[in-house]
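A.B. asks: One rule links them: number in the numbering used here = place in the sequence shown (from 1) + 46.
I'd like to ask you about the structure that follows.
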Amino acid sequence: MTQFLQYHVLTSYPPSNPNRDDQGQPKQAVVGGAPRLRMSSQSIKRALRESSYFLNDLAGHRGTRTKRLFERLRDRLVAEATDFSKAQETAEIVAEIFGKLEAKGSDETVASTLAFISPDEWALAEELATALVAGEDLPKDKELKKRVMRKADGAVDIAMFGRMLASDADFNRDAAVQIGHAITTHQALAQDDWFTAVDDLNKREDTGAGHLGENPFGTGVYYLYACVNADLLVENLAGDRALAAKGVEMLARALATATPRGKQNSFAHHPRAIYIRAEAGPQQPRDLTGAFFDPVEASNAQKGSIHELEAMVARIDSAYGKCCDTHTVMNVLDGEGNLEEVACFSHEAVLNG
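Structural data, given as structure tokens:
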């Protein structure tokens, strides 16, 4: 029976603009007829992957999303004293395993789409490039891909968030972790910060500002939902349950602390979650966004959001039966629980699942 972990996270953001739309405004959504601020799931997943928990604690088990494998392979071969034209030709052959290249034969050669490459695949691509330069015969197309590409490996972020390779669907990865769009639990609108900058060398009086501008921003308490299919995560990691458990532990820590970094130098937003409910069990997953279809009062957004979230848990459990086997809570406002307990709960749920 499939084991799921679910996280319900409330985080208070100060004036900030961590995730912008095409106009530079904070992303928004209308929920329950009320305007809300929003952060996209894509921006949140990027923030999780860039967190210290993924970069440091999962070092060596983190993939690279890039269009520039060709460039890195070519430069590596040139550094090993390979003739430039030979290095270029070889790097193109190997890089095209992950997708079609654009502007071949030039210094501007890149893949047409981003590829999510695991550490094992990157190392095998370098091995193959070196072998081809040394005169090894070129394998046939299918065999060439099998020399490099993997279905299951040690890249935790690929195992969690999946990948899609247009060049070969056989090596796609179904995501074991789903991340929802975060929305404010209360009505919220974008605002504008009108600012001026002064020219330090212009000391004359009444000359006005050296620059005028506007910075859009928003503020609020955001609800974020995340769901982990623990069995699929272990499968995606070739059965390495210990690595899957460590990955989920780091995910829990990152959910509490990681944030999209848009305009961070302007607003210095470094929020931490005020509330986390972590749940484990084989029951069908359910998010708790419905707790906020009627927006909470902005004047009491922190306590009101926690109250409505817990009330929705009770109502759903009453209607459907208990929706998880075990859970743990960190409530900063009430001094209940801590992040270490949430992280350990997550680790044990996968390790002993």
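Where is the CB? At the ideal position from N, CA and C, for every residue including glycine.
(1) Pull the bridge partners of Gly266 from the DSSP assignment, please.
(2) CA-CA distance, Ala255 and Ala243?
(3) What residues are listed by DSSP as bridge partners for Val223?
(4) Return the first residue and the last residue of the beta strand (DSSP E) that Thr159 is part of.
(5) What's the C-alpha gap between Phe50 and Ser62?
(6) What are the uninterrupted segments assigned as alpha helix (DSSP H) that are 4 or more residues long and contained completely in the segment 137-217, given in chain order?
(7) When the Cα atoms are used, what is the spatial distance from Thr159 to Leu258?
(8) Using DSSP with H/G/I as helix, E/B as strand and the rest coil, what is Gln74?
(9) Using only CA atoms, which one of Ala360, Ala304, Met376 lies nearest to Cys369?
(10) Is the beta carbon of Ala222 less than 8 Å from the beta carbon of Val179?
(11) Please confirm whether Phe338 and Val77 have their CB atoms less than 8 Å apart.
(12) Mind checking which residues open and close the alpha helix (DSSP H) that includes His373?
(13) For Ile320, which residues of its own chain have a beta-carbon under 7 Å away from its beta-carbon, when the five flanking residues on both sides are left out?
(14) Work out the CA separation of Leu278 and Glu382 for me, nearest whole Å.
(15) Under 8 Å, do Ser164 and Asp214 count as touching if we go by C-beta distance?
(16) Would you decide whether Arg318 is buried or exposed? Buried here means 16 or more other CB atoms lie within 10 Å of its CB.
(17) According to DSSP, simplified to helix, strand and coil, what is Asn261?
(18) Are the segment 203-220 and the segment 229-244 in contact at 8 Å, needing three or more beta carbon pairs?
(19) Given Arg114, which residues of its chain have a CB within under 7 Å of its CB, disregarding the five upstream and five downstream residues?
(20) Report yes or no: do the segment 300-307 and the segment 87-94 share at least 3 C-beta pairs separated by less than 8 Å?
(21) Would you identify the three-state DSSP class for Val244, choosing helix, strand or coil?
C.D. replies: Let's see:
(1) Tyr59
(2) 6 Å
(3) Val274
(4) Run containing Thr159: none; DSSP gives neither H nor E here.
(5) 33 Å
(6) 165-179, 187-194, 202-207
(7) 38 Å
(8) strand
(9) Ala360
(10) no
(11) yes
(12) Unbroken run through His373 is the beta strand (DSSP E), 372-377; no alpha helix (DSSP H).
(13) Leu56, Thr57, Ser58, Gln348, Val378, Leu379
(14) 31 Å
(15) no
(16) exposed
(17) strand
(18) no
(19) Val156
(20) yes
(21) coil
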